[in-house]
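Asker:
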Amino acid sequence: MKALKMYWNNLTLLYKIIGLFAVPLLIVVSTIFSQALFNEMADPEFSLVGYSLLTVYILLEVLIDGWNFGGIYGKNFQGIALVKASNTGMKLYGQMIVTDSLRRIVYFGLLAGICMKSVASGVIMGAVVTLAVMVSRFFPGYMSSLLLSYIAPIVSVCLVFMLYEVNPVVHWMAALGIAVFATILTVKFAVRSMERSYYDRER
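Per numbering that gives the first Met the number 0, the sequence shown starts with residue 0, numbered consecutively.
1) Taking buried to mean at least 16 other C-beta atoms within 10 Å of its own C-beta, is F20 buried or exposed?
2) I'd like to know whether the C-beta atoms of T30 and S51 end up nearer to each other than 8 Å.
3) Three-state secondary structure (DSSP) at M0?
4) In the region 141-194, which residue ranges form an unbroken alpha helix (DSSP H) of at least 4 residues, counting only runs that do not cross its ends?
5) Kindly examine the ligand HEM and report whether one of its heavy atoms sits closer than 7 Å to the Cβ of P23.
6) Quick check: E60 and G18, are their CB atoms within less than 8 Å of each other?
7) Buried or exposed for Y6, please, with buried defined as at least 16 other CB atoms from any protein chain shown within 10 angstroms of its CB.
8) Are at least three pairs of beta-carbons, each pair with one atom in the region 125-142 and one in the region 165-179, less than 8 Å apart?
9) Please state if the CB of K116 and the CB of E164 are separated by a distance shorter than 8 Å.
10) Indicate the three-state DSSP secondary structure (helix, strand or coil) for D99 in the structure shown.
11) How far does the alpha helix (DSSP H) with E60 in it extend, from its first residue to its last?
12) Which one of L130, G93 and Y92 has the shortest CA to CA distance from I57?
13) Helix, strand or coil for S117 per DSSP?
14) If you measure between the beta carbons of H170 and A119, is that distance less than 8 Å?
15) Kindly indicate which three-state DSSP category T129 falls into: helix, strand or coil?
16) Would you decide whether Y92 is buried or exposed? Buried here means 16 or more other CB atoms lie within 10 Å of its CB.
17) F180: buried (16+ other C-beta within 10 angstroms of its C-beta) or exposed?
Following this line, the structure appears as structure tokens:
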């Protein structure tokens with residue numbers, strides 16, 4: 000619970016409004032309306048409008064992550080003071096990173112389940128975003144986030160359509176494999192980078 004509270008408190012108000020509520024709600028509402036209007040399409044369960052917005056959400060998630068965790072893996076991360084303030088600070092920060100990764104994967108899974116009836120595809124999207132965000136967090140500026148925000152949707156779309164028609168078991172195995180890999184790698188880099196910053200500051 001402490002990690003969840005810490006995660007929530009670390010998010011900016013603007014990110015909470017846009018990233019957690021406004022955009023996901025827009026995707027859900029747009030999907031419902033588009034499916035109601037175009038239910039005679041060849042695949043009424045796939046909302047092109049909803050999927051397009053979901054792809055934009057991938058770009059947005061990578062781009063605005065800097066509002067919360069920009070430069071967190073960098074050597075001069077300012078939040079290291081919070082880690083030093085408690086004996087469990089390092090552990091809580093690791094748990095906060097896990098919470099962030101899982102929240103993102105669950106969000107994309109649920110939204111993809113609504114707009115394209117494929118939760119596994121959403122899990123893949125969330126995992127790709129997590130990896131893109133992980134790389135962007137090494138840099139405090141927005142240029143890396145901007146570049147990765149264009150790369151992440153392309154990679155996500157390619158993976159989703161490569162696996163969309165395969166056996167559901169294979170699809171889920173691939174999705175969970177990518178998600179676990181992304182989460183473990185993200186936490187590993189987070190803890191290693193924070194430890195480096197911690198001991199460098201001590202010296």
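All C-beta atoms in this analysis are idealised placements derived from N, C-alpha and C, irrespective of residue type, glycine included.
Answerer: Walking through what the data contain:
1) exposed
2) no
3) coil
4) 142-162
5) This structure lacks the ligand HEM; in fact it carries no ligand of any kind.
6) yes
7) buried
8) yes
9) no
10) helix
11) L47 to I63
12) L130
13) coil
14) yes
15) helix
16) buried
17) exposed
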